[in-house]
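From first to last, the protein sequence lines stand for chains U and G.
Position one of the first sequence corresponds to residue 0 (numbering that gives the first Met the number 0), numbered consecutively onward.
Position one of the second sequence corresponds to residue 0 (numbering that gives the first Met the number 0), numbered consecutively onward.
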Amino acid sequence: MANKILAVLEQREGILKKSAFEVVSAVRNLAEQLNLEPEAVVVGDNVSNIEEIAVYGLNKIVQFKNTDLADYSSSGYKEVVAGYAKETDADYIILSNTALGKDLAPRIAVGIDAGCMIDCINLDATSGELIATRPIYAGKALIDIKCNTAKKVITIRPNVIKAQPVENPNSPTITVKEVTSPNLKTRVVEFKKSEGKLDVAEADIIVSGGRGMKAPENFHLIEELAESLGGAVGASRAVVDAGWRSHREQVGQTGKTVSPTLYIACGISGAVQHLAGMSSSKYIVAINKDKDAPIFTVADYGIAGDTLEVIPALIDEINKVKSN
Amino acid sequence: MKIAVCVSHVPDTATKVKVGENGKTIDPNGVTYIINPYDEFAVEEALKMKEKLGDNSEIIVISVGSDKAKETIRKALAMGADTGILLKTENDNDSIGIAKVLSNEIKSQGCELVFCGKQSVDYDNTITGQLIAEMLGYSCITVVVKLDIDGNKVKAEREIEGGREVVESELPTVITAQKGLNEPRYASLKGIMAAKKKTIEEKPVELSDKTIEVLNMYLPEPKKPGRILGTDSSAVPELVKLLREEAKVI
Ligand SMILES: Cc1cc2nc3c(=O)[nH]c(=O)nc-3n(C[C@H](O)[C@H](O)[C@H](O)COP(=O)(O)OP(=O)(O)OC[C@H]3O[C@@H](n4cnc5c(N)ncnc54)[C@H](O)[C@@H]3O)c2cc1C
Ligand SMILES: Nc1ncnc2c1ncn2[C@@H]1O[C@H](COP(=O)(O)O)[C@@H](O)[C@H]1O
Numbered sequence: 000m001a002n003k004i005l006a007v008l009e010q011r012e013g014i015l016k017k018s019a020f021e022v023v024s025a026v027r028n029l030a031e032q033l034n035l036e037p038e039a040v041v042v043g044d045n046v047s048n049i050e051e052i053a054v055y056g057l058n059k060i061v062q063f064k065n066t067d068l069a070d071y072s073s074s075g076y077k078e079v080v081a082g083y084a085k086e087t088d089a090d091y092i093i094l095s096n097t098a099l100g101k102d103l104a105p106r107i108a109v110g111i112d113a114g115c116m117i118d119c120i121n122l123d124a125t126s127g128e129l130i131a132t133r134p135i136y137a138g139k140a141l142i143d144i145k146c147n148t149a150k151k152v153i154t155i156r157p158n159v160i161k162a163q164p165v166e167n168p169n170s171p172t173i174t175v176k177e178v179t180s181p182n183l184k185t186r187v188v189e190f191k192k193s194e195g196k197l198d199v200a201e202a203d204i205i206v207s208g209g210r211g212m213k214a215p216e217n218f219h220l221i222e223e224l225a226e227s228l229g230g231a232v233g234a235s236r237a238v239v240d241a242g243w244r245s246h247r248e249q250v251g252q253t254g255k256t257v258s259p260t261l262y263i264a265c266g267i268s269g270a271v272q273h274l275a276g277m278s279s280s281k282y283i284v285a286i287n288k289d290k291d292a293p294i295f296t297v298a299d300y301g302i303a304g305d306t307l308e309v310i311p312a313l314i315d316e317i318n319k320v321k322s323n
Numbered sequence: 000m001k002i003a004v005c006v007s008h009v010p011d012t013a014t015k016v017k018v019g020e021n022g023k024t025i026d027p028n029g030v031t032y033i034i035n036p037y038d039e040f041a042v043e044e045a046l047k048m049k050e051k052l053g054d055n056s057e058i059i060v061i062s063v064g065s066d067k068a069k070e071t072i073r074k075a076l077a078m079g080a081d082t083g084i085l086l087k088t089e090n091d092n093d094s095i096g097i098a099k100v101l102s103n104e105i106k107s108q109g110c111e112l113v114f115c116g117k118q119s120v121d122y123d124n125t126i127t128g129q130l131i132a133e134m135l136g137y138s139c140i141t142v143v144v145k146l147d148i149d150g151n152k153v154k155a156e157r158e159i160e161g162g163r164e165v166v167e168s169e170l171p172t173v174i175t176a177q178k179g180l181n182e183p184r185y186a187s188l189k190g191i192m193a194a195k196k197k198t199i200e201e202k203p204v205e206l207s208d209k210t211i212e213v214l215n216m217y218l219p220e221p222k223k224p225g226r227i228l229g230t231d232s233s234a235v236p237e238l239v240k241l242l243r244e245e246a247k248v249i
């Protein structure tokens with residue numbers, strides 16, 4: 000029988016995340032290319048959309064269940080996933096490179112003596128051997144890598160490898176395994192939701208403001224524009240350091256690395272450290288009154304004008320177009 | 000208590016990356032190296048911990064790398080750490096190999112509390128702290144922005160998508176520091192002078208076989224320069240049209 004490849008899928012508050020389905024698609028492709036037997040693994044309590052996994056092409060699903068595993072516990076999740084990987088002698092374990100994935104992947108790797116390929120943006124096994132591509136130096140360079148160990152733990156960057164529904168999905172077979180006395184040495188006791196609506200790390204559209212916004216009270220424009228697009232608010236480090244915005248909104252080398260479909264930079268110069276965090280966005284719009292600002296070197300579309308004048312017009316136009 | 004801080008010596012974040020002749024690593028010519036920015040938060044937190052304990056706790060700074068990494072160790076010593084250890088090797092870019100020698104050293108030093116950065120800004124691996132913890136059987140909390148250690152109990156807040164998780168665990172532990180955890184102090188002149196007298200012990204190490212092999216390194220395709228559509232809000236209708244029709248995002 001073929002060896003196993005496991006998709007370890009993240010749920011939050013009982014719902015599988017969008018990035019989980021990206022992992023399913025990646026695993027399905029690898030299973031085909033490397034002739035592996037794919038399986039999905041979910042750790043949690045009640046998960047409402049678990050059957051949706053089949054839509055993306057995996058129908059063998061194992062759910063590890065315990066009320067104390069509803070929220071993340073690094074010790075508990077590691078024990079369960081590494082244990083199952085050992086039991087099934089799985090060769091490949093794939094996760095999304097989310098906060099949870101980054102935290103958990105290396106722990107599993109030590110548990111099963113695997114190598115660990117992190118933050119991959121492409122996985123290619125057409126040659127019969129897996130070659131992964133990943134950004135380093137905050138995206139200023141890329142490397143193609145291979146993993147020399149027999150077992151491999153891999154995380155894929157969210158929002159890059161698309162989740163693809165399959166044409167005629169098989170109906171899912173879900174095996175529920177109750178976990179008795181999970182290892183809760185390290186566990187989450189509370190989640191403090193940030194006051195903003197959507198997090199930059201998860202958003203498909205981001206509107207960011209920099210020092211060119213002139214004053215913190217002008218950021219309501221950024222917020223309104225983000226809202227009209229259903230996106231999240233981001234910020235440059237200059238405005239975070241100035242105390243205008245919170246650090247969790249910071250995009251860049253020492254903030255968050257993002258690759259949304261649309262990134263709108265308002266009054267941001269485009270310093271290398273900022274570009275490092277956002278230049279892999281699919282479409283970039285820059286509004287900056289200095290036509291020579293480096294942000295324009297990565298922008299697809301630009302307006303070389305006053306952002307305080309342009310944003311209100313942009314909000315109006317978007318609302319107009321959307322209501323038609 | 001003995002506290003370990005792992006620090007890595009990395010290219011300045013403003014570096015313009017060029018691929019080296021071997022096609023697998025960067026060209027180090029003209030590159031300025033610094034202490035990994037997240038490791039400064041790690042050093043600061045260790046110093047704060049020692050101050051809080053008010054005893055004769057010892058802060059040991061450890062780096063795996065070549066002779067050059069001594070600069071980074073020296074920087075941590077100037078901030079106030081007590082001793083430095085260089086685990087010397089030229090072959091220093093496989094996380095698992097690095098974590099193995101770090102965890103061996105931490106074990107032989109008997110450190111119960113270990114600080115790392117959440118990520119090295121060179122290879123952006125984000126895994127070394129967790130690897131060390133698992134190899135030692137320590138608990139580990141990553142991407143920490145708030146930390147409270149009381150006796151054996153560890154309570155930390157870590158940044159995740161959409162908010163912060165409050166995590167509880169116990170010593171011995173590895174904490175990986177995120178920006179926001181503290182404000183790293185500047186090394187005072189006195190600190191810099193004192194650091195010159197502190198010892199950096201050098202220990203040659205042999206790293207295990209590379210688990211990850213770099214086949215080649217290259218620069219991303221430069222983005223095609225975009226279009227400047229105008230200089231004021233009169234360009235907005237065209238922008239929205241393009242976002243709708245070309246980019247299909249509205
Ligand atoms: C170790 C290190 C790490 C760093 N990490 C990050 C990081 O993660 N993220 C990050 O963003 N930065 C980071 N930086 C800082 C970075 O170098 C820049 O200082 C910062 O990005 C600048 O922010 P800004 O573009 O908002 O401000 P500025 O550089 O001051 O740019 C403001 C821009 O606004 C334009 N402008 C002014 N008025 C208007 C107006 N009315 N309308 C339109 N445009 C206007 C100006 O032309 C200018 O281009 C880091 C720096 C270091 C040293
Ligand atoms: N060569 C090294 N020597 C000492 N500590 C390191 C080394 N590489 C990584 N670390 C530590 O591990 C953290 C995370 O690094 P990384 O997993 O490489 O992103 C860094 O912030 C350091 O604290």
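Cβ atoms here follow ideal geometry from the backbone N, Cα and C, with glycine treated the same way.
All values reported here derive from a predicted model rather than from experimental measurement.
Check: Would you say G266 of chain U reaches chain G, if we count a Cβ-Cβ gap shorter than 8 Å as a contact?
Finding: The residue given as residue 266 of chain U occupies position 267 in the first sequence. Not one chain G Cβ lies under 8 Å of G266 of chain U.
Item checked: Same chain, Cβ closer than 6 Å to E164 of chain G, neighbours up to 5 away in sequence not counted -> Locating residue 164 of chain G in the second sequence gives position 165, counting from the first residue. Excluding residues within five positions, the ones whose Cβ falls inside 6 Å are R157.
Notebook entry, point to check: Mind checking if H246 of chain U is an interface residue toward chain G, Cβ cutoff 8 Å exclusive?
Noted result: Position 247 of the first sequence, counted from the start, is the residue given in the question as residue 246 of chain U. With 8 Å as the cut-off, H246 of chain U counts as an interface residue toward chain G.
Next item on the list: May I have a chain-ordered list of the alpha helix (DSSP H) segments no shorter than 4 residues that lie completely inside the region 142-228 of chain G?
Entry: 188-196
Next item on the list: Can you pull the chain G residues whose beta carbon is under 8 Å from the beta carbon of L141 of chain U, in chain order?
Entry: Translated into positions along the first sequence, residue 141 of chain U becomes position 142. Correct list: M216, Y217, L218 and P219.
Check: With a cut-off of 8 Å, does the C-beta of R184 of chain G fall near any C-beta of chain U?
Finding: On the second sequence, residue 184 of chain G is found 185 positions in, with the first residue counted as 1. No - not a single Cβ of chain U is within 8 Å of the one on R184 of chain G.
Notebook entry, point to check: Taking Cβ positions only, does R243 of chain G come closer than 8 Å to chain U?
Noted result: Start at 1 with the first residue of the second sequence, and residue 243 of chain G comes out as number 244. Closer than 8 Å: yes.
Check: Does DSSP put Y55 of chain U in a helix, a strand or coil?
Finding: Here the question's residue 55 of chain U lines up with position 56 in the first sequence. Helix at Y55 of chain U.
Next item on the list: Using a Cβ cut-off of 8 Å (strictly closer), state whether E316 of chain U contacts chain G.
Entry: Here the question's residue 316 of chain U lines up with position 317 in the first sequence. It does: the Cβ of E316 of chain U has a partner Cβ on chain G nearer than 8 Å.
Check: Distance, Cα to Cα, V239 of chain U vs H246 of chain U?
Finding: As a working mapping, residue 239 of chain U is identified with position 240 in the first sequence. As a working mapping, residue 246 of chain U is identified with position 247 in the first sequence. About 6 Å.
Margin query: Quick check: A1 of chain U and N45 of chain U, are their CB atoms within less than 8 Å of each other?
Written below: Counting from 1 along the first sequence, the entry for residue 1 of chain U is found at position 2. Counting from 1 along the first sequence, the entry for residue 45 of chain U is found at position 46. Result no, Cβ atoms of A1 of chain U and N45 of chain U do not sit closer than 8 Å.
Note to self: Could you tell me the alpha carbon to alpha carbon distance between E177 of chain U and E78 of chain U, rounded to whole angstroms?
What the structure shows: Taking the first residue of the first sequence as position 1, residue 177 of chain U is located at position 178. Taking the first residue of the first sequence as position 1, residue 78 of chain U is located at position 79. Approximately 14 Å between the Cα atoms of the pair.
Next item on the list: Go through its chain and collect everything with a Cβ distance to K252 of chain G's Cβ below 6 Å, but skip five positions before and after it.
Entry: With chain G covering only 0 through 249, there is no way to say anything about residue 252 of chain G.
Checklist line | Coil, strand or helix - L224 of chain U by DSSP | finding: As a working note, residue 224 of chain U is residue 225 in the first sequence. The answer is helix: DSSP assigns L224 of chain U an H, G or I state.
Next item on the list: Could you tell me the distance, in whole angstroms, from the CA atom of T174 of chain U to the CA atom of T127 of chain G?
Entry: To locate residue 174 of chain U, count along the first sequence from 1; it is residue 175. To locate residue 127 of chain G, count along the second sequence from 1; it is residue 128. Taking the straight line joining both Cα atoms gives about 34 Å.
Check: Excluding five sequence neighbours on each side, which residues of the same chain lie with their C-beta closer than 8 Å to the C-beta of I159 of chain G?
Finding: Taking the second sequence and counting its residues from 1, one reaches residue 159 of chain G at position 160. Once the five neighbours on either side are set aside, the close Cβ partners of I159 of chain G are V142.
Checklist line | Residues bridged to M116 of chain U (per DSSP) | finding: Translated into the one-based positions of the first sequence, residue 116 of chain U becomes position 117. According to DSSP, M116 of chain U bridges with U:I153.
Check: For chain U, is any of its Cβ atoms less than 8 Å away from the one on C139 of chain G?
Finding: The count along the second sequence starts at 1 and reaches residue 139 of chain G at position 140. Yes, because at least one Cβ of chain U sits closer than 8 Å to the Cβ of C139 of chain G.
Note to self: Less than 6 Å between C-beta atoms, sequence neighbours within five positions excluded: which residues of the same chain meet that for S24 of chain U?
What the structure shows: Within the first sequence, residue 24 of chain U is the residue found at index 25, counting from 1. Hits under 6 Å: Y55, A162 and Q163.
Next item on the list: Check the Cβ-Cβ distances between M192 of chain G and every residue of chain U, and say whether any is below 8 Å.
Entry: Translated into the one-based positions of the second sequence, residue 192 of chain G becomes position 193. No, M192 of chain G lies away from the interface with chain U (no Cβ there is under 8 Å from its Cβ).
Check: Under 8 Å, do D90 of chain U and K145 of chain U count as touching if we go by C-beta distance?
Finding: For the purposes of this step, residue 90 of chain U is taken as residue 91 along the first sequence, with counting starting at 1. For the purposes of this step, residue 145 of chain U is taken as residue 146 along the first sequence, with counting starting at 1. Cβ atoms of D90 of chain U and K145 of chain U: not closer than 8 Å.
Notebook entry, point to check: Cβ of G79 of chain G within 8 Å of Cβ of L46 of chain G?
Noted result: Counted from its first residue, the second sequence places residue 79 of chain G at position 80. Counted from its first residue, the second sequence places residue 46 of chain G at position 47. In this structure, L46 of chain G lies closer than 8 Å to G79 of chain G by Cβ.
Notebook entry, point to check: Helix or strand or just coil, what does DSSP make of R247 of chain U?
Noted result: Here residue 247 of chain U refers to the residue found at position 248 when the first sequence is read from its first residue. It is helical.
Next item on the list: Starting from H8 of chain G, follow its DSSP beta bridges and name the residues at the other end.
Entry: Here residue 8 of chain G corresponds to residue number 9 of the second sequence, with the count starting at 1. For H8 of chain G, which the question treats as bridged, DSSP gives the partners G:I34.
Margin query: Pairs of beta-carbons, one from the region 94-114 of chain U and one from the region 164-172 of chain U, closer than 8 Å: are there three or more?
Written below: no
Item checked: Per DSSP, cross-strand counterpart(s) of F63 of chain U -> Indexing the first sequence from 1 puts residue 63 of chain U at position 64. BP columns for F63 of chain U point to U:V42 and U:K176.
Item checked: Where Q129 of chain G meets chain U, residues with beta-carbon distance less than 7 Å -> As a working mapping, residue 129 of chain G is identified with position 130 in the second sequence. Per Cβ cutoff of 7 Å: D102, P105 and R106.
Next item on the list: Find the residues of chain G that neighbour S193 of chain U, judging by a C-beta separation of less than 7 Å, and give them in chain order.
Entry: Reading the first sequence from its first residue, position 194 is the one you call residue 193 of chain U. Simply G161 and G162.
Notebook entry, point to check: Exposed or buried, what is L15 of chain U when buried is set at 16 or more other beta-carbons lying within 10 Å of its beta-carbon?
Noted result: Here the question's residue 15 of chain U lines up with position 16 in the first sequence. Flag for L15 of chain U reads buried.
Notebook entry, point to check: Mind pulling the chain U residues with CB within less than 7 Å of N124 of chain G?
Noted result: Here residue 124 of chain G is taken as the residue at index 125 of the second sequence, counted from 1. Simply I117.
Notebook entry, point to check: Can you tell which of U:I317, U:N65, U:Q10 and U:Q32 has its C-alpha closest to the C-alpha of A39 of chain U?
Noted result: Working through the first sequence from its first residue, we reach residue 39 of chain U at position 40. Nearest option by C-alpha distance: U:Q10.
Checklist line | Buried/exposed call for S126 of chain U, threshold 16 Cβ in 10 Å | finding: As a first step, residue 126 of chain U must be located in the first sequence, where it is residue number 127. With fewer than 16 Cβ atoms within 10 Å of its Cβ, S126 of chain U is classed as exposed.
Margin query: Between which two residues does the alpha helix (DSSP H) holding V80 of chain U run?
Written below: Indexing the first sequence from 1 puts residue 80 of chain U at position 81. Counting along the chain, the alpha helix (DSSP H) containing V80 of chain U begins and ends at S73 to E86.
Note to self: Less than 6 Å between C-beta atoms, sequence neighbours within five positions excluded: which residues of the same chain meet that for K154 of chain G?
What the structure shows: On the second sequence, position 155 is the one that residue 154 of chain G refers to. Cβ neighbours of K154 of chain G beyond the five flanking positions: D147 and E167.
Item checked: 8 Å contact criterion, which L228 of chain G and I317 of chain U should meet: CB distance rounded -> As a position in the second sequence, residue 228 of chain G is number 229, starting the count at 1. As a position in the first sequence, residue 317 of chain U is number 318, starting the count at 1. Incorrect: roughly 15 Å between the Cβ atoms, too far for contact.
Next item on the list: Would you mind sorting S322 of chain U into buried or exposed? The rule is 16 or more other CB atoms within 10 Å of its CB.
Entry: In the first sequence, counting from the first residue as 1, residue 322 of chain U sits at position 323. Flag for S322 of chain U reads exposed.
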